[in-house]
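Report on one structure; see the data block that follows.
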Amino acid sequence: MATDASAVIPCEEAPAVDDDVRRRIFRCVLLHRLMEERIMLLYKQGRIPGSVYTGRGQEAVGAAAGVALSADDVVAPLNREMGCHIARGVTVAHIFRNYLGRATGPTGGRDGNMHFGVPEQGVFPLVSMLGDLVPVMVGAALAFKRRGEPRVALTFFGDGAFNCGDTHEGLNLAGALNVPAVFIAQSNRVAYSTFTERSMRNPVLAQRIEGGYSIPCPRVDGTDALAVYSTVREAVERARSGDGPQAVEALTVRMDGHAAHDDARYMDRELLHEYATRRDPVERLAARLIADGMSADEVASLRDAAAAEVAAGLAEAEAAPAPDPATLEQGVYASPVR
Amino acid sequence: MAAAEITYLEAIRLAMRDAMRDDERVFLLGEDVGHFGGAFGVTQGLLDEFGGDRVIDTPISEEGFIGAAFGAAWMGERPIAELQFADFVSCPFDQIVTVGAKTHWRNGIALPVVIRLPSGGGVRGGPFHASSPEGWFVGTAGLKVVCPGTVEDAYGLLRAAVEDDDPVLYFEHKALYRRLRAPQPDASYRVPIGRARVARDGTDVSVITYGSGVSLALGVAEAMAPGASVEVLDLRTIWPLDVEAVLESVARTSRALVLQEASRSTGAANTIVSLVAQRAFERLDAPIRVVAPPDTPVPYAPELEDAYLPSAAGLTSALEDLLGY
Ligand SMILES: Cc1ncc(C[n+]2csc(CCOP(=O)(O)OP(=O)(O)O)c2C)c(N)n1
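Going line by line, the protein sequences match chains A and B. For the first sequence, position 55 matches number 64 in my numbering, and the numbering has no gaps at all. For the second sequence, position 14 matches number 22 in my numbering, and the numbering has no gaps at all.
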């Protein structure tokens with residue numbers, strides 16, 4: 010990473026966020042970053058089939074939101090939220106097994122890249138169709154409300170997905186049913202190549218979520234992991250205590266193209282440079298850890314530990330067996346008719 | 009004492025009521041299902057018995073509440089969602105075929121949701137309130153599609169659907185709601201999903217049908233006896249198809265006709281014709297026929313709708329033709 014440490018803006022001071030949480034978030038954003046760097050290489054080497062989407066520049070949002078949840082809560086992360094899976098306890102090897110299409114991965118090779126859930130960890134599988142998971146998580150929250158369980162269902166959507174009908178039906182339904190659902194808007198202001206200015210009249214999602222649905226929606230700097238954590242944590246606890254659905258709009262910049270094939274030539278180079286040098290979410294958190302007293306050596310050792318975890322997880326995933334085509338028709342139904 | 013007679017509509021209501029009495033996880037959601045009792049009155053009385061936590065009036069958001077049904081099912085509930093008309097299944101189509109159909113295969117998560125779809129014509133509903141869109145889901149791996157054609161099946165298939173671990177699309181025929189009456193089935197009655205039933209034995213020709221076709225075919229078969237011995241195979245579940253039952257029936261009679269209310273290139277007809285062509289060609293004494301409406305939307309004016317829908321006269325002449333081949 011060619012970042013000039015002196016230029017990096019540390020995360021805002023966040024004395025209320027304890028050391029353990031900071032370390033957990035740091036591990037998640039580091040693993041997210043390092044895994045995706047590795048995944049891009051594997052993709053270019055032809056070792057990952059299909060397509061690859063990264064969350065570069067947005068790692069803080071998924072990681073911090075994931076850490077803000079409690080063990081019994083459920084979540085549906087999307088493409089740019091690998092760190093959220095890690096926060097839920099999904100292992101590096103398990104994620105790599107999905108990318109590599111291995112039999113023992115979360116989808117057994119039936120789906121790829123970030124398209125997987127880990128139900129044992131309360132993670133619902135991403136479906137490509139943008140917006141779909143908003144109502145689905147409203148339904149999970151409805152189940153909690155019906156049973157009087159103090160649990161929360163959380164999902165994410167991009168600003169592009171905010172143009173989809175399902176997103177809005179889900180937001181409205183969450184309000185009408187008054188369920189403990191939390192929505193995180195990942196506002197990177199671009200959907201593939203289309204900027205929000207061209208896709209909506211009012212690109213301030215927080216205004217529309219608050220004004221249109223009466224769902225509280227604070228805005229937060231999505232490159233500041235500790236700020237995201239604090240804001241999401243409060244939203245989660247409000248939802249848990251019966252205040253109904255909550256939202257947070259996290260402002261970020263998508264640092265890579267939409268997917269591996271996209272060179273993002275339509276992006277503003279100066280903005281990307283500014284974010285790469287000063288607002289990289291991983292470096293901002295590292296700078297805050299150091300500012301608050303962690304030694305540079307310890308930060309370096311956390312980076313080394315994450316790199317070692319990635320290497321070990323990849324090795325484990327590569328050793329996993331390929332799926333057997335003879336099993337293809339198994340599991341279509343939970344209760345097969347014959 | 010013989011059981012009281014109930015209508016097809018009452019059988020659906022009783023099946024929901026009994027399922028809700030038996031299992032706390034079962035709840036209803038849909039538009040106007042609570043206070044109003046459903047657009048056709050199917051859910052009448054259920055709000056009073058079970059309360060607003062279990063009979064939920066939703067906004068007009070088919071994508072929203074069908075998606076929510078899947079999410080609740082993921083968390084262990086067993087929702088029954090009512091669409092006001094089957095035609096509106098075009099709105100939550102994506103939730104059904106994307107989330108509902110693929111999640112177990114992809115990720116091993118069972119989604120036990122029943123979606124009730126009031127379908128069918130004969131009610132002058134026109135292009136948006138009289139369709140039989142079940143064919144959109146025939147062939148979609150991960151979904152189950154059932155179409156009760158009798159009072160007993162209306163009850164037994166719905167009870168089985170609620171207990172099933174997969175998403176089940178339950179197409180209930182609006183014209184049968186009050187037309188069919190039969191003794192109330194026992195609360196333990198279940199109709200196995202994925203199994204057809206020989207509704208009438210015959211030796212000369214098989215009418216393979218479902219939904220509104222069952223009573224139509226039985227009436228015609230009765231009228232054509234004893235001159236012709238017509239077997240009626242009621243599919244009950246149109247997906248996954250009971251392949252063996254179709255092949256066995258065709259093997260018995262050597263002549264087959266598919267009768268359905270869905271327009272002829274949709275529904276279950278093509279799947280059955282294809283199956284018979286591939287697996288029973290040598291058993292046939294005549295080409296398989298299809299009696300179904302033309303490939304248009306359902307028309308409104310009585311003259312048009314009556315001409316559109318399968319009729320006893322049309323079925324009789326198609327059968328005579330087939331028997332004389
Ligand atoms: C309904 C639907 N239409 C199109 C696509 C293809 N697609 C995948 S991601 C994407 C852009 C999404 O933009 P946004 O929601 O802002 O998320 P971001 O990529 O910025 O994270 C598009 C168009 C899709 N997945 N779903």
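From the three backbone atoms N, C-alpha and C, an ideal C-beta is built for every residue, glycine too.
In chain order, what residues of the same chain have a beta carbon less than 7 Å from the beta carbon of residue i, not counting five sequence neighbours either side?
| i | result |
| --- | --- |
| residue 121 of chain B | 77, 78, 81, 87, 89, 108, 175 |
| residue 48 of chain A | 57, 61, 108 |
| residue 68 of chain A | 38, 41, 42, 92, 290, 291 |
In its own chain, which residues sit with a C-beta less than 6 Å from the C-beta of residue i, not counting the 5 before and 5 after it?
| i | result |
| --- | --- |
| residue 19 of chain B | 159, 162, 163 |
| residue 58 of chain B | 28 |
| residue 4 of chain B | The question about residue 4 of chain B has no answer here: the residues shown for chain B are numbered 9 through 333. |
| residue 126 of chain A | 132, 133, 134 |
| residue 156 of chain B | 162, 165 |
| residue 288 of chain B | 255, 258 |
| residue 282 of chain A | none |
What in chain B is Cβ-close to residue i, meaning under 7 Å?
| i | result |
| --- | --- |
| residue 138 of chain A | 102, 106 |
| residue 119 of chain A | 113, 114 |
| residue 343 of chain A | 112, 118, 173, 174 |
| residue 141 of chain A | 75, 102, 103, 106, 107 |
With 8 Å set as the bound, which would you pick, yes or no: does the beta-carbon of residue i sit closer than that to a beta-carbon of chain E?
| i | result |
| --- | --- |
| residue 71 of chain B | Absent here is chain E; the protein component of the structure consists of chains A and B. |
Per DSSP, residue i is paired with what?
| i | result |
| --- | --- |
| residue 192 of chain B | Bridge partners of residue 192 of chain B: none, in fact. |
| residue 63 of chain B | B:36 |
| residue 15 of chain B | B:189 |
| residue 123 of chain B | B:89, B:177 |
| residue 286 of chain B | None, per the DSSP bridge assignment. |
| residue 336 of chain A | Partner(s): none; residue 336 of chain A has no beta bridge. |
| residue 165 of chain A | A:193 |
| residue 295 of chain A | BP columns for residue 295 of chain A are empty, so no partner. |
For residue i, collect the residues of the same chain with a Cβ closer than 8 Å to its Cβ; drop the 5 residues on either side in sequence, then sort them by chain order.
| i | result |
| --- | --- |
| residue 110 of chain A | 58, 118, 121, 331, 332 |
| residue 169 of chain B | 122, 152, 154, 176, 178, 201 |
| residue 40 of chain B | 46, 47, 65, 92 |
In whole angstroms, what separates the C-alpha of residue i from that of residue j?
| i | j | result |
| --- | --- | --- |
| residue 23 of chain A | residue 54 of chain A | 41 Å |
| residue 206 of chain B | residue 346 of chain A | 18 Å |
| residue 220 of chain A | residue 247 of chain A | 19 Å |
| residue 217 of chain A | residue 65 of chain A | 26 Å |
| residue 217 of chain B | residue 267 of chain B | 5 Å |
| residue 46 of chain B | residue 179 of chain B | 16 Å |
| residue 244 of chain B | residue 85 of chain B | 25 Å |
| residue 264 of chain A | residue 284 of chain A | 8 Å |
| residue 155 of chain A | residue 148 of chain B | 31 Å |
| residue 332 of chain B | residue 239 of chain B | 16 Å |
| residue 220 of chain B | residue 269 of chain B | 7 Å |
| residue 166 of chain A | residue 215 of chain A | 13 Å |
| residue 314 of chain A | residue 113 of chain A | 25 Å |
| residue 209 of chain B | residue 52 of chain B | 38 Å |
| residue 343 of chain A | residue 178 of chain A | 28 Å |
| residue 113 of chain B | residue 124 of chain A | 13 Å |
| residue 304 of chain A | residue 151 of chain A | 46 Å |
| residue 194 of chain B | residue 14 of chain B | 12 Å |
| residue 210 of chain A | residue 172 of chain A | 11 Å |
| residue 10 of chain A | residue 82 of chain A | Residue placement at residue 10 of chain A cannot be trusted, given a pLDDT of 45 that sits under 50; what the coordinates show is reported in the next sentence. One C-alpha to the other measures close to 34 Å. |
| residue 245 of chain A | residue 198 of chain B | 43 Å |
| residue 228 of chain A | residue 132 of chain B | 52 Å |
| residue 202 of chain A | residue 111 of chain B | 29 Å |
How would you list, in chain order, the residues of chain A whose beta-carbon sits under 9 Å from the beta-carbon of residue i?
| i | result |
| --- | --- |
| residue 66 of chain B | 182, 185, 186 |
| residue 195 of chain B | Within 9 Å Cβ-Cβ: nothing; residue 195 of chain B doesn't reach chain A, min ~21 Å. |
| residue 293 of chain B | The premise fails here: residue 293 of chain B is roughly 29 Å from chain A at the closest Cβ pair, so nothing lies under 9 Å. |
| residue 216 of chain B | The premise fails here: residue 216 of chain B is roughly 18 Å from chain A at the closest Cβ pair, so nothing lies under 9 Å. |
| residue 85 of chain B | 148, 151, 152, 155, 156 |
Counting only Cβ pairs nearer than 8 Å, list the residues of chain B close to residue i.
| i | result |
| --- | --- |
| residue 133 of chain A | 79, 82, 117 |
| residue 116 of chain A | 114, 115 |
| residue 105 of chain A | None at all; the shortest Cβ gap to chain B is about 17 Å. |
| residue 340 of chain A | 112, 113, 116 |
Name, please, each residue of chain A whose Cβ falls closer than 8 Å to the Cβ of residue i.
| i | result |
| --- | --- |
| residue 202 of chain B | 346, 347 |
Could you list which residues in chain B have their beta carbon closer than 9 Å to that of residue i, in chain order?
| i | result |
| --- | --- |
| residue 125 of chain A | 114, 115 |
| residue 128 of chain A | 82, 115, 116, 117 |
For residue i, go through chain A and note every residue whose CB falls closer than 7 Å to its CB, in chain order.
| i | result |
| --- | --- |
| residue 26 of chain B | Those do not exist, as residue 26 of chain B stays about 20 Å from chain A at its closest Cβ, beyond 7 Å. |
| residue 248 of chain B | 346 |
| residue 40 of chain B | Within 7 Å Cβ-Cβ: nothing; residue 40 of chain B doesn't reach chain A, min ~14 Å. |
Which residues, in order along the stretch 103 to 133 of chain B, keep a beta-carbon less than 7 Å from a beta-carbon of chain A?
Those would be 103, 106, 107, 111, 112, 113, 114, 115, 116, 117, 118, in chain order.
Any residues in the stretch 181 to 199 of chain A with a beta carbon nearer than 8 Å to a beta carbon of chain B? Which ones, in chain order?
Hits within the stretch, in order: 181, 182, 185, 186.
Which residues, in chain order, does the stretch 147 to 178 of chain A contribute to contact with chain B at a C-beta distance below 8 Å?
147, 148, 149, 150, 151, 152, 153, 155, 162, 174, 175, 178
To be precise: take each residue of the stretch 145 to 165 of chain B, compare its Cβ to all Cβ atoms of chain A, and keep it if any distance is under 8 Å. Which residues remain?
149, 150, 152
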